[in-house]
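Heads up: the structure comes next, in structure tokens.
2 protein chains.
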Amino acid sequence: MTSAPTWPGSFGTEPKRKKRTLSRELIVETALRVVDTEGLDALNMRRVAQELGTGAASLYAHVANKDELLSLLLDRVYADLRHPAPDPERWREQAKDFLRQARNNLVAHGDLARAAMEQNIPTSPAALDSAEAMLALLRAGGLPEQVCAYGVDVISLYMVATAVEESSRTKPGEQRGEGSAQPYLDGIRGFFGSLPAERYPLIVAMAGPLTRNVGDERFEFGLDLLLDGLVAQAGRTFD
Amino acid sequence: MTSAPTWPGSFGTEPKRKKRTLSRELIVETALRVVDTEGLDALNMRRVAQELGTGAASLYAHVANKDELLSLLLDRVYADLRHPAPDPERWREQAKDFLRQARNNLVAHGDLARAAMEQNIPTSPAALDSAEAMLALLRAGGLPEQVCAYGVDVISLYMVATAVEESSRTKPGEQRGEGSAQPYLDGIRGFFGSLPAERYPLIVAMAGPLTRNVGDERFEFGLDLLLDGLVAQAGRTFD
DNA sequence: TCTACTTACGAACGCTGTTCGTGTCAAGTA
DNA sequence: TACTTGACACGAACAGCGTTCGTAAGTAGA
Chain A
1 MTSAPTWPGS
11 FGTEPKRKKR
21 TLSRELIVET
31 ALRVVDTEGL
41 DALNMRRVAQ
51 ELGTGAASLY
61 AHVANKDELL
71 SLLLDRVYAD
81 LRHPAPDPER
91 WREQAKDFLR
101 QARNNLVAHG
111 DLARAAMEQN
121 IPTSPAALDS
131 AEAMLALLRA
141 GGLPEQVCAY
151 GVDVISLYMV
161 ATAVEESSRT
171 KPGEQRGEGS
181 AQPYLDGIRG
191 FFGSLPAERY
201 PLIVAMAGPL
211 TRNVGDERFE
221 FGLDLLLDGL
231 VAQAGRTFD
Chain V
1 MTSAPTWPGS
11 FGTEPKRKKR
21 TLSRELIVET
31 ALRVVDTEGL
41 DALNMRRVAQ
51 ELGTGAASLY
61 AHVANKDELL
71 SLLLDRVYAD
81 LRHPAPDPER
91 WREQAKDFLR
101 QARNNLVAHG
111 DLARAAMEQN
121 IPTSPAALDS
131 AEAMLALLRA
141 GGLPEQVCAY
151 GVDVISLYMV
161 ATAVEESSRT
171 KPGEQRGEGS
181 AQPYLDGIRG
191 FFGSLPAERY
201 PLIVAMAGPL
211 TRNVGDERFE
221 FGLDLLLDGL
231 VAQAGRTFD
């Protein structure tokens, strides 16, 4: 097919094509989708730009750099949390529910948790809301201020660390499900069991318990451990 | 100065220069030095090769890739740990000593802890030795098998996570010391204090306790919390 | 001496984050 | 209406990084 000739400056020239419109929110949502489907390591400026039908350089009008994009991603995810109204009679169960929620929320985005590990101090709006909510629950439980202050740190570290741990057991972009970690843990179990027993008697003997994978049992164990341990610090003094 | 002419194949030819000799151990030690002085982000194959007076490609005869180098680095660091002989009468104090040792050992290498976060299951010789030692201590305390199995996971996560947290408060390559985290925490304290009190009443009111920085108090708090909490799980049943 | 294997390592490749320079568009002003 | 300014869009290019490929050198064994 022969293309029609183009006449410069002729009457009725076709109007210039409108530039596409980006926004910070659009970029963040797109980046989150990339992480969800392909994992954190697949997230790069070109990949996000490709999804948006533009070039990587275009993103820099809206986000300073990739680090900022990651911060925005995390804040976006933390914004999905619902904060309970503290009830002194039920603070403990509320705390556990909230932490389950927080962890599931983070785990739902696969290995994004790895980025969360590097930004543990809450500085963004949603993360601060989350920290405030957790503090409120611990205070509702009547724990002393300093115990709550240190406690919220320990608890947060645990929550994020377990999310990282969980994500390392599934493939990037893969949805976490009942058996998603099983193949990995089976492999570890086999590895533990095959170690030389004279050097690692306990690991070999306990390969099964070490790699036990029953729903959220491991996380729940940690929650009880943390809260029992926290309550036990109520009488602690600080110089 | 006019250079002396070079005669090909002449008598008394100067012997060929000997190729330098690398080794996996040398590469690991060099990489560790780079991390110690410049931080984890400065660690790359070219940087290590430069320190060794060679090219990055040379390293690949000894390490498969950068990931393997990181694994070797961590194993190298874990190898510095001394493992206590468990004493049932003192298992708890021994556990705390061991964890202090493990954390200080990791923290001594600055932000290398971030790499440790991504390899939480012990698979290398030294890490396995460490896990075995920790298990031995918990078992010496008479705790049930499954409690020890899950406990060693929680404790390990906490130890590594706090090392990561610690490293995020000092500059890469900077030695951790008494006041190294103070400027950072002062900044956070100021930030917390300046937040809108109607949205964040507890964070604003507790800015001081939240950013309290007294020696290893925060870590020690976590140790007691964890061990108290662990002991409290002794009677727990698992389906 | 020759062969085979191991190690050493430069050049080059693909990928990633980011900057620079140019173009486009919209709003405001004269 | 024409011009100016600022914000946004975005290709080309740059520097840096992990890694591979091909070639060279050294060593051990036959």
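Note that the protein sequences, when read in sequence, are chains A and V. Quick note on UniProt numbering: the first sequence kicks off at 1 and runs consecutively. Quick note on UniProt numbering: the second sequence kicks off at 1 and runs consecutively. Each residue gets a CB set at the ideal place from its N, CA and C atoms; glycine is no exception.
Please state the DSSP three-state secondary structure of residue 239(V). Under the three-state reduction of DSSP output, residue 239(V) falls in the coil class, being neither helix nor strand.
Return the chain-ordered list of same chain residues with a C-beta closer than 8 Å to the C-beta of residue 115(V), the five sequence neighbours on each side being excluded. 40, 70, 73, 74
Can you look up residue 37(V) in the DSSP assignment and give me helix, strand or coil? Residue 37(V) falls in the helix class under three-state DSSP.
Proximal chain A residues relative to residue 95(V), where beta-carbon distance stays under 7 Å: Going along chain A, no residue has its Cβ under 7 Å from residue 95(V), so there is no contact; the nearest lies around 14 Å.
Under a three-way DSSP split, which group does residue 162(A) fall into? helix
Should residue 209(V) be flagged as near chain A, meaning a C-beta pair shorter than 7 Å? yes
In chain A, which residues lie with their C-beta within 9 Å of the C-beta of residue 107(V)? Result: empty, since nearest Cβ-Cβ is about 15 Å, beyond 9 Å.
Where does residue 23(A) land, buried or exposed, given buried means 16+ other C-beta within 10 angstroms? exposed
Backbone CA spacing between residue 161(A) and residue 37(A) [nearest angstrom]: 21 Å
From residue 111(V) to residue 191(A), what does the alpha carbon distance come to, in whole angstroms? A direct Cα-Cα distance of roughly 29 Å separates residue 111(V) from residue 191(A).
What is the rounded straight-line gap between the Cα of residue 113(V) and the Cα of residue 20(A)? Using only the alpha carbons, I get a separation of about 43 Å.
Let me see if you follow: with CB-CB separation under 7 Å, is residue 51(A) close to chain V or not? no
Tell me whether the beta-carbon of residue 229(V) lies closer than 7 Å to the beta-carbon of residue 137(A). Cβ atoms of residue 229(V) and residue 137(A): not closer than 7 Å.
Please state if the CB of residue 105(A) and the CB of residue 81(A) are separated by a distance shorter than 7 Å. yes
Restricting to Cα atoms, I'd like to know which of 133(V), 172(V), 129(V), 146(V) is closest to residue 109(V). 172(V)
Alpha helix (DSSP H) segments (min. 4 residues) lying fully within the UniProt domain "HTH tetR-type" (21-81) of chain A: 24-38, 45-51, 56-59, 66-78
Under 7 Å, do residue 99(A) and residue 202(A) count as touching if we go by C-beta distance? Taking C-beta atoms as the reference points, residue 99(A) and residue 202(A) fail to come closer than 7 Å.
So, helix, strand or coil for residue 99(A), using DSSP? helix
Can residue 52(V) and residue 30(V) be called in contact, C-beta distance under 7 Å? yes
Contact criterion: CB-CB distance below 7 Å. Does residue 155(V) meet it with respect to chain A? no
For residue 168(A) and residue 120(V), which I take to be in contact (beta-carbon distance under 8 Å), what is that distance rounded to the nearest angstrom? 7 Å
Given a cut-off of 7 Å, decide if residue 145(A) and residue 206(V) are closer than it, judged by their beta-carbon atoms. yes
Pick helix, strand or coil for residue 116(V), following the three-state DSSP scheme. helix
Look at residue 255(V) and residue 211(V) and say whether their C-beta atoms are less than 7 Å apart. Residue 255(V) lies beyond the stretch modelled for chain V, which goes from 1 to 239, so this question has no answer here.
When you compare only the Cα positions, how much space is there between residue 122(A) and residue 147(A)? 18 Å
Option in 25(A), 200(A), 182(A), 197(A) with minimal Cα separation from residue 62(A): Here the closest residue by C-alpha is 25(A).
Can you tell me whether residue 86(V) is buried or exposed, with buried defined as 16 or more other CB within 10 angstroms of its CB? buried
Helix, strand or coil, according to DSSP, for residue 2(A) in the structure here? Because the pLDDT at residue 2(A) is just 33, under 50, the model does not fix this residue reliably, and the value given afterwards should be weighed accordingly. Correct three-state label for residue 2(A): coil.
Contact residues within the segment 139-150 of chain A, judged by C-beta distance below 7 Å to chain V: 139, 145, 146, 149, 150
For residue 200(V) and residue 128(A), believed in contact at Cβ under 8 Å, the rounded distance: 6 Å
Check the Cβ of residue 202(A) against every Cβ in chain V and list those closer than 8 Å, keeping chain order. Chain V residues near residue 202(A): 132, 135, 136, 139.
Return the chain-ordered list of same chain residues with a C-beta closer than 7 Å to the C-beta of residue 238(V), the five sequence neighbours on each side being excluded. Answer for residue 238(V): 146, listed in chain order.
Beta-carbon proximity list for residue 15(A), same chain, < 8 Å, skipping 5 on both sides: Confidence at residue 15(A) is low in this model, with a pLDDT of 35, below 50, so its placement is unreliable and the value that follows should be read with caution. Excluding sequence positions up to five before and after residue 15(A), its CB lies less than 8 Å from no other CB in the same chain.
Please report how far the alpha carbon of residue 185(V) lies from the alpha carbon of residue 214(V), in whole angstroms. 11 Å
Rounding to the nearest angstrom, what Cα-Cα distance links residue 94(A) and residue 204(V) in this structure? 23 Å
Min CB distance residue 221(A) to chain V below 7 Å: yes
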